[in-house]
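Sequential numbering from 3 applies to the sequence shown in the working numbering.
All residues carry an ideal CB built from backbone N, CA and C; glycine is no exception.
What follows is a set of notes on a single structure, which appears directly below.
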Amino acid sequence: MTRKQSLQRKNRARPTAITRGELHRLRLLIGLGLVVTALGAWPIANRISGARYMDVAQIVSVEDLIKHPDQIARLDILNLNMLCADGLQGARHLDDPDCSSRLAAMVAKVRTETERHFYKFQNGPAEFEHSEGFFRMLMMAVVLVEDFGVSYNPERRIDPARAQMGDGFFADAREVFVTGLLRDQPSGTCSSLPVLYVAIGRELGYPLKLVTTKGHLFVRWDGAGERFNIEATGNGLNRLDDEHYKQWPFPLTAEEIQEEDYLTSLTPEGEAAVFLSIRAMCLLEAGRADEARECFAAAAKLNPKCRSYQLMAGNSKS
């Protein structure tokens, strides 16, 4: 089935998916386009100029982050994520020249290609479900996959039914924090890929949010007149509704959604809580239970709506 046919057969109650192969075919199509157009339809006020990394001088470590929760909202999501990886196996800092230059290249390429091919959306909005946001996210996926080789690490693709503590999923920080996506062979997991998409999107002024469901993170476009979810961890790009995440990767009850604050667009503090909990899981894998407990306790303070942080703070003792 062609990409056009798959879009025409779209059912609102079911996910819309663009496979990796279709991304490649779209990339070939885009490669034929030579028309350069301006993004007149995208409000200039929505764009973000320049990097904003490390804009709070006193927050230079995860300890500082825990001590100064009032400053979290001023931190860039990527910087926040990498601070929470500080000191873990495989972790790197955003001030590493290789990391910063690769991120800048990703942002620049996504911006350039989106502007260069925006006429495709203008001339055929039906091909992109009449959604400018979907077109922009599709372009981001094309660039990251085809130009930078960003992918899910197949060695970390664990069957949700078999996932358990100590299964090695959190053994290497490079696979669960963004640090692993800013290297020569960029790969990650559902803990890091959505963060990269959100970070790049925010640099471009996109209204992107990070959202949790049971055992999983995903991306939400929420603004500019649109609201939809993006799954960036498959073989391509998937546009899904909340009902999908009530069943995948684990079925959710109404009580779990309320107790764990699932399916809610995260605040900066909520994002920090997620990253601290991921750090805590890495620490548990490394046998550093006391430090893990401290991270879970800090996460519980940042997002008291999430009951599991409180439980893990009490259960991760030596």
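Contact test: residue i Cβ vs the ligand COA heavy atom, cutoff 7 Å
i, result
"glutamate 262", "With respect to the ligand COA, the structure offers nothing, as it holds no ligand at all."
Residue nearest to residue i in terms of C-alpha spacing, selected from the options
i, options, result
"leucine 85", "Leu219, Leu67, Pro99", "Leu67"
"lysine 216", "Glu257, Lys303, Ala301", "Glu257"
"glutamate 273", "Asp244, Lys248, Val213, Glu296", "Val213"
"alanine 294", "Pro306, Cys308, Leu304, Gly316", "Gly316"
"leucine 206", "Phe172, Asp243, Ala110, Pro127", "Ala110"
"tyrosine 199", "His246, Ser279, Phe179", "Phe179"
"cysteine 192", "Glu148, Asp186, Glu177", "Glu177"
"asparagine 83", "Leu254, Thr181, Leu219, Asp186", "Thr181"
"isoleucine 74", "Ala288, Met142, Leu268, Glu296", "Leu268"
"histidine 218", "Leu239, Tyr208, Pro253", "Pro253"
"serine 234", "Pro306, Gly126, Asn155, Gly289", "Here the sequence assigns alanine to residue 234, which means serine is not the residue at that position. Checked all of Pro306, Gly126, Asn155, Gly289; the closest Cα to alanine 234 is Asn155."
"methionine 142", "Pro306, Leu239, Glu296, Thr255", "Leu239"
"glutamate 228", "Gly126, Met139, Ser194, Ala288", "Met139"
Same chain, Cβ closer than 6 Å to residue i, five either side skipped, listed in chain order
i, result
"methionine 314", "Phe298"
"serine 153", "Ser189"
"phenylalanine 230", "Trp223, Arg241"
"cysteine 284", "Leu90, Phe172, Ala175"
"cysteine 308", "Glu262, Asp263"
"threonine 301", "In the sequence as presented, threonine is not what sits at residue 301; that position holds alanine. Cβ neighbours of alanine 301 beyond the five flanking positions: Ala275, Leu278, Ser279, Tyr311."
"arginine 104", "Leu184"
"alanine 165", "Annotation note: pLDDT 47 at alanine 165 (below 50); position unreliable, no value reported."
DSSP beta-bridge partners of residue i
i, result
"threonine 214", "Leu219"
"serine 189", "Ser153"
"glycine 225", "Glu228"
"serine 310", "For serine 310, which the question treats as bridged, DSSP gives no partner whatsoever."
"serine 267", "Val213"
Residue i versus residue j: straight-line alpha-carbon distance, rounded
i, j, result
"proline 196", "valine 144", "15 Å"
"leucine 146", "threonine 114", "13 Å"
"alanine 201", "lysine 211", "10 Å"
"arginine 281", "glutamate 117", "37 Å"
"phenylalanine 277", "glycine 151", "24 Å"
"leucine 265", "tyrosine 311", "16 Å"
"aspartate 243", "tryptophan 250", "11 Å"
"alanine 106", "isoleucine 232", "22 Å"
"valine 64", "leucine 286", "16 Å"
"lysine 303", "aspartate 72", "12 Å"
"valine 112", "glutamate 296", "38 Å"
"threonine 255", "aspartate 98", "43 Å"
"asparagine 81", "glutamate 129", "35 Å"
"aspartate 149", "aspartate 186", "12 Å"
"alanine 288", "arginine 76", "31 Å"
"aspartate 88", "proline 127", "43 Å"
"serine 194", "histidine 119", "27 Å"
"aspartate 161", "methionine 108", "Any reading at aspartate 161 must be qualified, since the residue scores a pLDDT of 49, below 50, and its modelled position is unreliable; the value itself is stated next. Spanning the two alpha carbons is a distance of roughly 30 Å."
Neighbour flag for residue i against chain C, beta carbons, 8 Å
i, result
"alanine 110", "Although the question refers to chain C, the structure presented lacks it and comprises just one protein chain."
Own chain partners of residue i with C-beta closer than 8 Å, once the 5 adjacent residues on each side are dropped
i, result
"isoleucine 79", "Val197, Val200, Ala201, Arg204, Leu212, Pro270, Glu273"
"isoleucine 259", "Lys248, Leu265"
Residues of its chain near residue i, where Cβ-Cβ distance is below 7 Å and the 5 sequence neighbours each way are ignored
i, result
"asparagine 305", "Asp263, Glu271, Gly272, Ala275, Tyr311"
"proline 209", "Trp223, Asp224, Gly225, Ala226"
Taking 8 Å as the threshold, find out whether the segment 223-232 comes into contact with the segment 123-137 through three or more Cβ pairs.
-> yes
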